[in-house]
Amino acid sequence: MGVESQNTTDMSTPIGLLMLGNPVLTASGTFGYSNEYEEFLSLKNLGAIITKGITLNPKKGNPQPRIKEVPNGLINSIGLENFGIHEFIDKKLPVLRDNDIEFIVNIAGESIDEYKKVASTCRESGIEAIELNLSCPNVDKGCLEFGRDEETLYKLVSEVRESFSGVVVVKLGSNVSFPEKIAVTAQKAGADAISAINTVKAMNLSLNPDYKGYKFIKGGLSGPCIKPIALNFIYEIKKRISIPIIGMGGIMTLTDMLEFLAVGADAVQVGTATFTDPNLSEKLVFELKNFMETNGFSNINELKHSLRTRT
Ligand SMILES: Cc1cc2nc3c(=O)[nH]c(=O)nc-3n(C[C@H](O)[C@H](O)[C@H](O)COP(=O)(O)O)c2cc1C
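First residue of the sequence shown: 290, per my numbering; consecutive thereafter.
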């Protein structure tokens, strides 16, 4: 039984035609394909889970090292390692369906054609919602390339829109000059929602002990240190678009989540924090519900409205 059916607090959150029981989702690449977390929480209590990014063909990802902890964050350079859409459909989709949970398939590609092929394969398999990763900073080709140029982004999103009749979420990142223009373009091209932000381009350096040379990792920075960037991004795009926004970037606490709702997010995703606390996303659902009950909000929209009233 999901958290929603146990009480009268209405946390239901529409994302296009998808009606989520609550606004707490898990972020792509930090929650596997759901079954990996089954022993830690009841998946049904989450608004939805977003799968790891899937490409048309299997992808090996980047060479090691691919992960480095930094103060208040993590740099990753996974490089979209995954087993491709066909194996996903054969092996992981049945698991997601058996769990009877809402899920959104995160997809990536090196060309517009690849995104279209993955999207239409998803649709043929009955998948209802996809998240287009147009912002991954740690692959050589694709993703961010499509998410920072308005013309290319328009072409990609509108063509995917034609080949996929379900819900299309466009995932953007902060590694762009004019986030609000990019978000407006995604909306015009037919996106049902925007999710943001992806990881932030970053580098970590380790000087050798003898000060002769260094080792380094370049990749995408995530975790609490990027929360101020994410809040600003969402605040800026909210002024210009009318479709729902799913905010993420360093969420660890109820207060973090409320801050995202205050600047304009309709839902949130929990990412890196899951690595230190595997059932954090579920705890946040209960904390949000409890906060609403204690403070007299019977509906999530009332809470958002109250949070957005600036004093
Ligand atoms: C290890 C790792 C893998 C990720 N893989 C993906 C991915 O495949 N697709 C995607 O769109 N985002 C991916 N992300 C980005 C997250 O979904 C999220 O946008 C980002 O980490 C910011 O949120 P956070 O600070 O809460 O982690 C990944 C992040 C991490 C840390």
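Positions of the beta carbon are idealized from the N, C-alpha and C atoms, including for glycine.
Counting the other CB atoms within 10 Å of its CB gives T340 a total of 16 or more, which places it among the buried residues. Between G539 and N427, the CB-CB gap reaches or exceeds 7 Å. Not one heavy atom of ligand 1 lies closer than 6 Å to the C-beta of G305.
Of the candidates A485, K333 and S447, A485 places its Cα closest to the Cα of I526. In this structure, the beta-carbon distance from P517 to I304 does not fall below 7 Å. DSSP, reduced to helix, strand and coil, places M308 within a strand of the structure shown. Annotation: the continuous beta strand (DSSP E) that includes A337 extends over A337 to I339.
In chain order, I523, Y524, K527 and I534 place their CB closer than 7 Å to the CB of G553, counting only its own chain and leaving out the 5 sequence neighbours on each side.
Every alpha helix (DSSP H) stretch that sits fully inside the stretch 455-540 and reaches 4 residues is listed by chain position as 468-477 and 516-527. For G585, there are no CB contacts under 6 Å within the same chain when 5 residues up- and downstream are skipped. Three or more beta-carbon pairs separated by less than 8 Å link the stretch 434-453 to the stretch 413-421, which places the two stretches in contact. In this structure, the C-beta of I367 approaches ligand 1 to less than 6 Å from one of its heavy atoms. Spanning the alpha carbons of E391 and G310 requires a straight line of approximately 9 Å.
The residues E420, A482 and S484, in chain order, have a CB closer than 6 Å to that of V458 in the same chain once the five nearest residues on each side in sequence are set aside.
Within the same chain, Cβ atoms closer than 8 Å to the Cβ of M308 are found at S301 and T302, the five residues on either side in sequence being excluded.
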